[in-house]
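Throughout, the working numbering is defined as the position within the sequence shown, counted from one, plus 26. Ideal Cβ placement from N, Cα and C applies to all residues, glycine included. Structure first, commentary second.
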Amino acid sequence: MKYPIAKPYIRKEELAAVAKVLRSGVLSIGPEVVEFEKNFARRVGSKFACAVSSGTAGLHLALLAAGIKKGDEVITSPFSFIAS
27 MKYPIAKPYI RKEELAAVAK VLRSGVLSIG PEVVEFEKNF ARRVGSKFAC
77 AVSSGTAGLH LALLAAGIKK GDEVITSPFS FIAS
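Okay, here's the thing in structure tokens:
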């Protein structure tokens, strides 16, 4: 028996927003990304936010922002997921 990890609930509004971006031809640095970054930064009380292409890129950016350098000890969770 197979069990899905998570079944997404996608509303019509989200489908329409994705379709709008796909039709624009600008997928990674368009106005929606800029708006998302500004709204996210405001919501978490930060001056800046940066959308990235993957969980790995996000973790890498977080380590850089925290000042972690080569040779520093970093302890992480033993549980991960292939997509990260």
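Going by DSSP in three states, Ser50 sits in which element: helix, strand or coil? helix
Select from Ser103, Tyr35, Cys76 the residue whose C-alpha is nearest the C-alpha of Ile55. Cys76
Which runs of the alpha helix (DSSP H), 4 residues or longer, sit entirely within the region 50-90? DSSP assignment within the region 50-90 yields the following whole alpha helix (DSSP H) runs of 4 residues or more, N-terminal first: 57-70.
Report the three-state DSSP secondary structure of Lys38 (helix, strand or coil). helix
Can you tell me whether Val44 is helix, strand or coil according to DSSP? The DSSP-derived three-state label of Val44 is helix.
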